[in-house]
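Those sequence lines, one after another, are chains V and P. Quick note: the first sequence, position 98, residue 98 per my numbering, numbers continuous. Quick note: the second sequence, position 35, residue 416 per my numbering, numbers continuous.
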Amino acid sequence: MPRKQLLTALAGVSFALSMAPGAFAAESRLKHEGEFIVDGMIFGLPEARVFEEDYDGPPVVGDYLTALPHLKPLDYEGNRTHHVRLDTFAQEVEVAPGYSFTAWTYGGSVPGPTLHVREGDRVVFTMKNRSDEEVVVTKPIRGGAPYFAQLQQNPYQKNAPAISPVPHSMDFHSGTVAADDKWRTIAPGESIEFEWVANYPGVYMYHCGTPSVLMHTAMGQYGAVVVSPREGFPTDDKVDHEFVIVQSEFYLTEDGDGYRYDHQAALDRNPSHVTFNGHVNALNATPLRAKAGDRVRLYLLNAGPSDTSSFHVIGAIFDRVWYEGNVENEWRGMQTVLLGASNSAVMEFIVPEPGAYKLVDHEFADAERGAVGTLIAEPRN
Amino acid sequence: MRHSIFFAALLIASGPVPAEPVRIDGGYFQQPILLDENTRETYIDAFYLDARQVSNAEFLAFVRQEPAWQRDRIPRLFAQPNYLKHWPQALTLGQRSAADDRPVTYVSWYAARAYCAAQGGRLPSLDEWEYAAALQRNASNQSGSEYAHALFAWYTNPKSRDLAPVAATEPGPLGLHDMHGLVLEWVEDFQLLLTQGDKTDLLGGSCGDTARFMPKFDEEHYATFFRYQSRSNFNARSTTSTLGFRCAYNVEEPL
Numbered sequence: 001m002p003r004k005q006l007l008t009a010l011a012g013v014s015f016a017l018s019m020a021p022g023a024f025a026a027e028s029r030l031k032h033e034g035e036f037i038v039d040g041m042i043f044g045l046p047e048a049r050v051f052e053e054d055y056d057g058p059p060v061v062g063d064y065l066t067a068l069p070h071l072k073p074l075d076y077e078g079n080r081t082h083h084v085r086l087d088t089f090a091q092e093v094e095v096a097p098g099y100s101f102t103a104w105t106y107g108g109s110v111p112g113p114t115l116h117v118r119e120g121d122r123v124v125f126t127m128k129n130r131s132d133e134e135v136v137v138t139k140p141i142r143g144g145a146p147y148f149a150q151l152q153q154n155p156y157q158k159n160a161p162a163i164s165p166v167p168h169s170m171d172f173h174s175g176t177v178a179a180d181d182k183w184r185t186i187a188p189g190e191s192i193e194f195e196w197v198a199n200y201p202g203v204y205m206y207h208c209g210t211p212s213v214l215m216h217t218a219m220g221q222y223g224a225v226v227v228s229p230r231e232g233f234p235t236d237d238k239v240d241h242e243f244v245i246v247q248s249e250f251y252l253t254e255d256g257d258g259y260r261y262d263h264q265a266a267l268d269r270n271p272s273h274v275t276f277n278g279h280v281n282a283l284n285a286t287p288l289r290a291k292a293g294d295r296v297r298l299y300l301l302n303a304g305p306s307d308t309s310s311f312h313v314i315g316a317i318f319d320r321v322w323y324e325g326n327v328e329n330e331w332r333g334m335q336t337v338l339l340g341a342s343n344s345a346v347m348e349f350i351v352p353e354p355g356a357y358k359l360v361d362h363e364f365a366d367a368e369r370g371a372v373g374t375l376i377a378e379p380r381n
Numbered sequence: 382m383r384h385s386i387f388f389a390a391l392l393i394a395s396g397p398v399p400a401e402p403v404r405i406d407g408g409y410f411q412q413p414i415l416l417d418e419n420t421r422e423t424y425i426d427a428f429y430l431d432a433r434q435v436s437n438a439e440f441l442a443f444v445r446q447e448p449a450w451q452r453d454r455i456p457r458l459f460a461q462p463n464y465l466k467h468w469p470q471a472l473t474l475g476q477r478s479a480a481d482d483r484p485v486t487y488v489s490w491y492a493a494r495a496y497c498a499a500q501g502g503r504l505p506s507l508d509e510w511e512y513a514a515a516l517q518r519n520a521s522n523q524s525g526s527e528y529a530h531a532l533f534a535w536y537t538n539p540k541s542r543d544l545a546p547v548a549a550t551e552p553g554p555l556g557l558h559d560m561h562g563l564v565l566e567w568v569e570d571f572q573l574l575l576t577q578g579d580k581t582d583l584l585g586g587s588c589g590d591t592a593r594f595m596p597k598f599d600e601e602h603y604a605t606f607f608r609y610q611s612r613s614n615f616n617a618r619s620t621t622s623t624l625g626f627r628c629a630y631n632v633e634e635p636l
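So this is what it looks like as C-alpha cells:
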C-alpha cells in the first residue's frame, strides 16, 4: 500500500474511533461472547460450569466478604471484577442461649457472610458443596475473607462442624440471569462457577433455591449482598457508622437432647425464634455503638423465610430510607419500615442523645421471640 | 450365585447374618408425590427386595471378585474421587461406618448397579422401593407425624460418621429393616423428570416448585418429597457418607 493511502486509512480508523467512544467503552465491559448491553446493563452471561475440584482451602474467599454486622468499605474507584468463593456446608450454630441445631450454611454462619460490591461490578462466583465434610471456621484460616477474623473475634453462634450431605444451590437476588442455569443444584462433592453483573444497586438476599426452598432457607442458607449505587448515596459524606442487619426466623423443636428444624412449624409460620444476625443476643451482647449526634446507616435485609419485618428504632426516626437500597427509592421521616420476605432497605437516623436505643421488629410477637437489638450512644464529645 | 457370594463374604470377614430377600406382593401404589398429575395410582408387579442394605463386608467381597470396582481401579467416569474413601485401604475395612456390618456408603449408582447384577439382581425402581416402603409403613402403627419427625431429624443430622449396623433394628411388618433413617438408598431411576410447559427439568426441581407435586401439604408428604428431591439431585457418580443401597430381584413366574 502506498504511504499516502495507508495514512488515509489510518486517519479513517482514528476518525471512526473518535466518533464512537461510548461504543468502545461499552464493549470493553463485555467479557464473553454472547454478552450484550441493554440500557447500559450487561446481560447474556456465559453458562454455569459444574465440575469437581480437589479443594479444601478457605470456604469463603474475597476481600469484600464480611461477618455481620460489618460492611467492608469499597476502597476502589469505578468498577472491578470480584472473584468470590462461598462454599456450602453444615454447621452446628446457636441461635439463642441453649438452642443449637445442625444448620445448612454458606460459610459456616447463619446468616452467611455479607458481600459488598458496586453497581456495575462483575462477580465471578465459585461454590463447592462441602456438606459431606467437617469444615472448621473458628480457627485461623489463611487466605480467607475478612469474614473469618470477624467471626473468630466474636463467635456468638458457637460454630462447630457438622455433616449433613444434601444437594444445594445458590441464588443471588442481585444477579439477573436464567435461574435454571446459574442457580442449578449441585450434589455433595460438586462445585459450580458462574458470573453475574451487579446491574441494579440495592441490598439483596442470596439463598439456596433447592426444593424444598422453605426447608433450605429455614435451615440457614441465606445472607446479604450490598450493591452500592454507582454514584453513592447523597449522605455518604455525613454517615458516621454503617451496619448490616439480617432478620430471619428459626423453626426449632426439641429432638433428643438437642434441637432440630421443624417443617410443620415452618409451614405454619410459627417460628421458635426470630433474630437479628442469627442470634437473639447478637446485637445485645455486642451492641452497635455510636455517639449522640452521629448519623447511623443500617443496611437491613429481611431474609424471612416467611415473615414480614416492621423495623423500628425506639427513640429515633428514620431521616432517610432507600427502599430496597436503591437510591431512586427515597422516603423521609419513617417511624417503621415494613419489609416482606427478601425485601430490604438502607435507612439512616440521627442518634438524638446518649443512651441505649432498641432496634425492634415492631410486630411484637416477633420482637418477643428475639428480634431485638441494641445501639448504645455515648455523649457527643 | 447370590448365596455363594454371601458365603464368601462370611469367610472373609465376620459380616452380618445374611437375610433372605423379602417377597413384595404386586398391587396398586398410591403415588405420594405427583410426578405426573394424571397418574395417581400405579400397578407394581411382585418382586423381591433385600431385607436390609448391603454391608461393607458384602461389598468388599464383591470388589475382591470384580477388581475393576476397587477404589484404586475404578474409572473416574463411574464414581466421584471419594468412592469408598472411608475404608482404610482399598481392600481393608475399618471402624465405625467402615466396619464390616455397617451399610456400605460412598458408593456410586454405577457401583451399586454392578453389585446387584453380580448377585443376579438389580436395583429396585423408584416406584418399587417407594411402594415397598409405603406398604410396610401402612402395615405399621407409625403415624404420619412420627414418620415425618424421624425423617427430618435424619435429613438434617444423619450421624453418618458412625452409622448403626445393618438390620440392627427390628424389621417392619413386611420383614424389611431400616427403610428410613439409616442411609439414603440408590434406586434405578433416581432422577425425576419434571416438566414445565414444553421445558423438561432433568435434574428435578427449581426454587419454590414444590406444591404441584404434593397431594397434601403436611409434613408427612414433605418428608417424602424431600427424599424424592434430594435423590434426584445426586448424579450417577455421587458418593457420600449417607448413600447406600439394597438390591431387588425379579419374580420368576411359572409358565
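Note that beta-carbon positions come from the ideal geometry of N, C-alpha and C, so glycine has one too. Remember, predicted model here, so these are calculated numbers, not experimental data.
Asked	Found
Residue-level contact to chain P via CB, Ser272 (chain V), 7 Å cutoff	no
Given Ser526 (chain P) as reference, the closest of P:His602, P:Glu447, P:Pro596 once Cα atoms are compared	P:His602
Any chain V beta carbon closer than 7 Å to Asn437 (chain P)	no
Three-state secondary structure assigned by DSSP to Leu71 (chain V)	coil
For Gln359 (chain P), the three-state DSSP class (helix, strand or coil)	With chain P covering only 382 through 636, there is no way to say anything about residue 359 (chain P).
His32 (chain V) burial status per 10 Å Cβ neighbour count (16 or more: buried)	exposed
3 or more residues per run - each beta strand (DSSP E) lying fully within the region 335–377 of chain V	336–339, 344–350, 355–361
Where the beta strand (DSSP E) containing Ser248 (chain V) begins and where it ends	241–250
Chain-ordered chain P contacts of Val137 (chain V) [CB-CB under 7 Å]	Going along chain P, no residue has its Cβ under 7 Å from Val137 (chain V), so there is no contact; the nearest lies around 18 Å.
Residue-chain proximity (Val166 (chain V), chain P), Cβ-Cβ < 7 Å	yes
Listed by chain order, chain V residues near Gly589 (chain P) by CB distance under 7 Å	Val213
Distance CB(Val360 (chain V))-CB(Val372 (chain V)) smaller than 7 Å	yes
Residues in the region 259–283 of chain V having any Cβ partner in chain P nearer than 8 Å	Arg260, Tyr261, Asp262, His263, Gln264, Leu267
Per-residue DSSP class, three states only, for Val564 (chain P)	coil
Proximity of His273 (chain V) and Phe243 (chain V) at Cβ, strictly below 7 Å	no
Helix, strand or coil at Ser506 (chain P) [DSSP, three-state]	coil
Limits of the unbroken beta strand (DSSP E) element including Leu291 (chain V)	With the sequence shown as reference, residue 291 (chain V) is identified as Lys, and Leu is not the correct amino acid for it. 288–291 is the span of the beta strand (DSSP E), which, as asked, contains Lys291 (chain V).
Backbone secondary structure at Asn284 (chain V) - three-state DSSP	helix
Cross-chain neighbours of Gln434 (chain P) in chain V, by beta carbon under 7 Å	Going along chain V, no residue has its Cβ under 7 Å from Gln434 (chain P), so there is no contact; the nearest lies around 16 Å.
Local Cβ density within 10 Å of Asn631 (chain P), reported as buried at 16 or more and exposed below that	exposed
Straight-line gap, Glu511 (chain P) to Ala290 (chain V) (C-alpha atoms, nearest Å)	59 Å
Inter-residue Cα distance where the pair is Ala534 (chain P) and Asp236 (chain V)	47 Å
Cβ contact (3+ pairs, closer than 8 Å) linking the region 615–631 of chain P and the region 460–480 of chain P	yes
Pairwise C-alpha distance: Gly107 (chain V) and Arg49 (chain V)	21 Å
Lys540 (chain P) (DSSP reduced to helix, strand or coil)	coil
Partners in chain V for Tyr603 (chain P), counting only beta-carbon separations shorter than 7 Å	Ser212, His263
Alpha-carbon to alpha-carbon, Ser28 (chain V) and Ile396 (chain V)	With chain V running from 1 to 381 in the structure shown, residue 396 (chain V) is simply not present.
Candidates V:Val136, V:Arg80, V:Ile245: closest to His312 (chain V) by CA position	V:Ile245
Rounded C-alpha distance that separates Thr253 (chain V) from Tyr99 (chain V)	9 Å
Selected residue, minimal CA-CA separation from Gly189 (chain V), among P:Leu516, P:Gln517, P:Tyr487, P:Ala520	P:Tyr487
Three-state secondary structure assigned by DSSP to Gln470 (chain P)	strand
Glu422 (chain P), enclosing beta strand (DSSP E) - first and last residue	422–425
Partner residues on chain P for Ile163 (chain V), Cβ-Cβ distance less than 9 Å	Asn538, Pro539, Lys540, Ser541, Arg542, Ser622, Thr623
Own chain, CB closer than 6 Å to Leu507 (chain P), minus 5 neighbours either side, in chain order	Val568, Asp570
Limits of the beta strand (DSSP E) - the one that Glu193 (chain V) falls within	191–197
DSSP three-state assignment for Trp331 (chain V), whether helix, strand or coil	strand
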